[in-house]
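Number of protein chains: 4
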Amino acid sequence: MSTGKEAQIFIDGEAGTTGLQIRERLANLPGVAVPSIDPALRKDNDARKEMLRKADLVVLCLPDDAAREAVAMCEELGDDGPRILDASTAHRTSGGWVYGFPELSAGQAEAVRTAKRVANPGCYPTAANLAIAPLVKAGLVDRSFGIICDAKSGVSGAGRKPSLKTSFCEVAENFSAYSILDHRHVPEVLMNSGLDEDEFSFTAQLIPIDRGILETIYFRGTEATTAEALLAAYETAYAGFESVRIYNPGQVPDVLAVARTNYCDIGFKYDAKTRRGVIVSVIDNVGKGAAGQAVQNLNLMFGFHHFEGLA
Amino acid sequence: MSTGKEAQIFIDGEAGTTGLQIRERLANLPGVAVPSIDPALRKDNDARKEMLRKADLVVLCLPDDAAREAVAMCEELGDDGPRILDASTAHRTSGGWVYGFPELSAGQAEAVRTAKRVANPGCYPTAANLAIAPLVKAGLVDRSFGIICDAKSGVSGAGRKPSLKTSFCEVAENFSAYSILDHRHVPEVLMNSGLDEDEFSFTAQLIPIDRGILETIYFRGTEATTAEALLAAYETAYAGFESVRIYNPGQVPDVLAVARTNYCDIGFKYDAKTRRGVIVSVIDNVGKGAAGQAVQNLNLMFGFHHFEGLA
Amino acid sequence: MSTGKEAQIFIDGEAGTTGLQIRERLANLPGVAVPSIDPALRKDNDARKEMLRKADLVVLCLPDDAAREAVAMCEELGDDGPRILDASTAHRTSGGWVYGFPELSAGQAEAVRTAKRVANPGCYPTAANLAIAPLVKAGLVDRSFGIICDAKSGVSGAGRKPSLKTSFCEVAENFSAYSILDHRHVPEVLMNSGLDEDEFSFTAQLIPIDRGILETIYFRGTEATTAEALLAAYETAYAGFESVRIYNPGQVPDVLAVARTNYCDIGFKYDAKTRRGVIVSVIDNVGKGAAGQAVQNLNLMFGFHHFEGLA
Amino acid sequence: MSTGKEAQIFIDGEAGTTGLQIRERLANLPGVAVPSIDPALRKDNDARKEMLRKADLVVLCLPDDAAREAVAMCEELGDDGPRILDASTAHRTSGGWVYGFPELSAGQAEAVRTAKRVANPGCYPTAANLAIAPLVKAGLVDRSFGIICDAKSGVSGAGRKPSLKTSFCEVAENFSAYSILDHRHVPEVLMNSGLDEDEFSFTAQLIPIDRGILETIYFRGTEATTAEALLAAYETAYAGFESVRIYNPGQVPDVLAVARTNYCDIGFKYDAKTRRGVIVSVIDNVGKGAAGQAVQNLNLMFGFHHFEGLA
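Protein chains in written order, with our numbering: chain V, 1 to 311; chain F, 1001 to 1311; chain H, 2001 to 2311; chain W, 3001 to 3311.
Here's what the structure looks like:
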């Protein structure tokens, strides 16, 4: 581990979308250095190990399997190994890692601060969890009806690897649904909201835009649920977290409201007579949904305020 | 009323999107003539009355209030007045007009054939009704859970009148929800599906594309519901209607599947274990959602096969 | 060669954009049959040879090298081999093939009618040649200044093969220039306009749209050049060709004017005082720029009017 | 005039695109305050005069006529009146104002620093002037051939006022040319490059993107011109100005290279054999083309480095 004054951060996978964006944001942070690996050696394991050895913390911006391999390399280093923030899905719902979602609870934020291993949340689950968890916890949702999350994402959520599915002529002037009822991000939402699998329906959909996620979430309230109670549940949950902005009842955000920011904006409409509720939750999938959330976690891991260097 | 051999059709409001598109489609139909009004006289009521007098049938492509006024003009003509197909929302759920939706039932198709007054359906309700009505009628939906319709439309659905909401810089790279739980098209869906108001939740959303509607519809099945039963219900309902195409269970269409066509494509996924069902219904809002549907109705009103001249 | 009553056309490469679009257009033509090869055998040379043997005419929708191989196969068949229309660039400027551009001259149209080997023009050269050739031939251009063609194309011009360059997130909200002064299509323009290489500058650029080419072309007129003379040169050149539409001086088309059509629309502005001329030429690159032009040539090769089945 | 410690800046027209963007950028500058007018009083002349009286400097983000009226109000205040930076076209080429384009020359930068009246350049002229002026001044352009500027802009360049021309369905999937040979921005380019009117051809075109300008500029070199000489001319002209970035010969920028920045990126290709040169110049029309350039000028007017608070 480094003994220098500046904390050394190595981004393993720095050439991908998330890696690039994390580097850009870290440029605003004092007291951290982010040395680059020689591009020619990015896949050279000896060079990577050397980077890992020198790092205080490594951010993994890699596919799941490569992330698992990088973790194994770190473990070979024993106590000299760096702390790890993994942006892949490999360690989010298994392996005993701390889930890097400080907005969930004060305890969760504290756990991130001191953790050696933190899993950075997925983009779809971030928008869903922030909208759903406080209401379920506050008992304002009639769980017998289930919760439906109709999610839409910009194309950058699919990564930079060229594919027919993300080519311009297939996406422009189109809109499509995929992974209906079996999206791989669902377990992350269940884990954080406490919902059972049959209580949660999720559909992913592709919007012809670069960046942004909008999720429209449907639920039934309990007899006690009111618009005021919903607002209060959100405000209580996110007191102290400027990363989440709650709208007045009846007002909902659009994707541009959070473009290129680290905010999750949430609005809702509730009809007390029929107990039908609709929530709209938006994030920038590259920002709050990936790199911004990673920097929030890094801030905590280095003892900064969670929103330092973000906007 | 004309006594000539060709049926005379007057499109009142021929300069708008729907009027232009109807004219284009009617060019394929034999036995009908579509005379134009002098553009300078489009708002001259004497000239319009003269056109109405000569017409066998008038298609109203007008705002609601103007449509009501045009109907009043026709009624002044008494028995000489033309048959009317109204593309506005003015007469869809009130006034005793025939709702121009032949796919609903054999009786409905027959009613359109002979009607003097036909209301052309709205774009959102068309995609919703075609997906929902057969399943409700077949008793395959657990109505106590309600049905949720998360609808998305291209921008042409908002008409050609310039507004900040439909300007390029507001729409591109954006996605937004509006009219949550109170969209004016909801009564049309209730009327045709037999659902009560509190059983149906509808959200309209704007996709940054020109044409196309995709609706993601969520329901709970009954104990008897299976994917096979759902498929059978659709196939029974739409036998003889090539305007509706049903996909194999688990397959769903995207917007491009129906671009510039008169088809409604419907696919669904059903999880019998948890009784959760998700339907995806797509149309071209300018085609099947407006001008194409109008020509389907005109075909019936003039004794043609419903899909004549369409594709 | 087939002895049946219907002319047999085989599209070698029918799964690509151009192949699919040609098939769609041929469905409107009487007297021709377009049998499909078993998809599993598309790359099986024995199966392809069998298709070639049975065909009266083959349309090659293949990369250049594959097109050359297909021609070799046809030649092995000797007199039994089919006529060939090649949509690749392999035979446009070399090999003695007839260049399939009937609008160039009455002689060219006649040559296409009887040719055994026809090369279908490229998309960029089609819009350029139609705009430039008549003016150069009529002596209305001061060649010492050269002609500049600033060309812009939608993304479908790059084909369906996924690449980073054509992925949504690289193209949307972007605009880029490529192949400046060395585009491979330049020789086609020189061949048809009679310009020398140093008299013609060409820049290709990518517009974030699916379909459409717009070329802005700059020239200096001679002392005798007037707007009327330019108009007359175009009208003379394209008399009898509804595929080219000339606008009144001062009026220019946009891309949507020709979307999904087989038209080339041309408008220009000429300032006689300074002898500066600007031409705007637009086509649908998939239509008039590829499949539509192919069908124009097929029409001639089978003795139809050139615009049969097109719009 | 204010006697407080912080310089007081009033943005007259703060609700428009440019006004909003200037305010956002000024938030990064120390020592300046940007008080807001009560939104209800934005068109109240007494309230505006009061704001003008208190301001050290006013930025006019208004239509041309309104800008002229605001200047008259300032002049009524005599010596108490604020310095003025006018973002409209009203004072760019007439009236004796300083043209706010410090990259033109050291003298120009010095003039901005001390001026009471500065006209902020237009978006199209900025990209054109930066690309053309150094080459003309260095004698590397054969002016007898003229210079052709084929310019393309995103839709935000047309302002926020709704119009059919900028509505989504007219712009998306389209590309169009306008103001051919008579664009109102041409005099600004002539003034700065020293070209005569008949030496410069300009075409404006609309790209279906929100932000960004790309100009493709064509010229003929002199006998002495080489790629190296062109590069040297640019590097000499922009030494000390990080706002302009010059690419290596043969490399050209795209629109995304400068999105949301204050940079003008310039690349070119030159064929010495035929003396044909092609330049590609890109800016963000909202940034370097409007608000960024305004802040560059404000920086100079307040004694800061020109790029302070920009990126």
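Even for Gly, the Cβ is constructed at its ideal location relative to N, Cα and C.
For Y3178(W), does the three-state DSSP call read helix, strand or coil?
strand
For R2211(H) versus R2275(H), is the C-beta spacing smaller than 7 Å?
no
Look up E215(V) in the DSSP assignment and say whether it is helix, strand or coil.
strand
I132(V), DSSP secondary structure in three states:
helix
Anyone know if the C-beta pair for G3175(W) and I2246(H) falls short of 7 Å?
Per the sequence shown, the amino acid found at residue 3175(W) is Phe instead of Gly. No; because the gap between Cβ atoms is not below 7 Å, this pair is not in contact.
6 Å CB neighbourhood of Q251(V) in its chain, flanking five on each side removed
G267
So L41(V) and C74(V) are in contact, right, with Cβ under 8 Å, and what is the actual spacing, rounded?
No, L41(V) and C74(V) are not in contact; Cβ-Cβ is about 18 Å, not under 8 Å.
Taking 7 Å as the CB-CB cut-off, is A2291(H) touching chain V?
no
M3001(W), DSSP secondary structure in three states:
Because M3001(W) carries a pLDDT of 40, less than 50, the predicted location of this residue cannot be relied on, and the following value inherits that uncertainty. DSSP places M3001(W) in coil when its eight states are reduced to three.
Give, in chain order, every residue of the segment 3153-3179 of chain W whose Cβ lies closer than 7 Å to some Cβ of chain H.
E3173, N3174, F3175, S3176 and A3177
What separation, rounded to the nearest whole angstrom, lies between the Cα atoms of G146(V) and A204(V)?
17 Å
P3063(W) to A3070(W), Cα distance in whole Å?
10 Å
Considering only their Cβ atoms, is the gap separating V2141(H) from I3180(W) smaller than 7 Å?
no
Considering Cα atoms alone, identify which of Q1108(F), R1117(F) and R1083(F) is closest to G1095(F).
R1117(F)
A151(V) - containing beta strand (DSSP E), residue span
I147 to S153
Specify, as a first and last residue, the run of the alpha helix (DSSP H) that C2169(H) falls within.
F2168 to V2171
With a threshold of 7 Å between beta carbons, is T2203(H) in contact with chain W?
yes
Close Cβ partners of D86(V) (< 6 Å) along its chain, the five nearest in sequence each way excluded
L60, A67 and A119
At the level of alpha carbons, what is the spacing between C1149(F) and V1136(F)?
14 Å
Please list, in chain order, the residues of the segment 1244-1272 of chain F that have any C-beta partner in chain V closer than 8 Å.
V1252, D1254, V1255, L1256, A1259, K1269 and D1271
Would you identify the three-state DSSP class for A3015(W), choosing helix, strand or coil?
coil
Of the residues that make up the segment 2200-2226 of chain H, which ones have a beta carbon closer than 8 Å to any beta carbon in chain V?
P2208, I2209 and D2210
Is A3033(W) closer than 7 Å to E3050(W) when the C-beta atoms are compared?
no
Taking its Cβ as the centre, do 16 or more other Cβ atoms sit within 10 Å of L1164(F), making it buried, or is it exposed?
exposed
Chain B contact residues for L181(V), given Cβ-Cβ distances below 7 Å:
Absence of chain B from the displayed structure is noted, the protein chains being V, F, H and W.
Spatial distance of V3255(W) from I3209(W) (CA atoms)
10 Å
Distance, F3101(W) Cα to E242(V) Cα
40 Å
What are the residues that DSSP puts in a beta bridge with K2269(H)?
V2278(H)
Below-7 Å beta-carbon distance, D198(V) vs any chain F residue:
yes
Between the alpha carbons of G3159(W) and S3088(W), how many angstroms are there, rounded?
12 Å
So who's on the other strand from V1295(F), going by DSSP bridges?
DSSP, once it has assigned bridges, lists no residue as partnering V1295(F).
Where G2157(H) falls: helix, strand or coil (DSSP):
helix
Beta-carbon proximity list for L1231(F), same chain, < 7 Å, skipping 5 on both sides:
I1246 and P1249
With 16 other Cβ atoms within 10 Å as the buried cut-off, status of R3025(W):
buried
Starting from the beta carbon of F1145(F), find every residue of chain V whose beta carbon is closer than 7 Å, and list them in chain order.
F145
Go through its chain and collect everything with a Cβ distance to G3019(W)'s Cβ below 7 Å, but skip five positions before and after it.
I3011, G3013 and C3061
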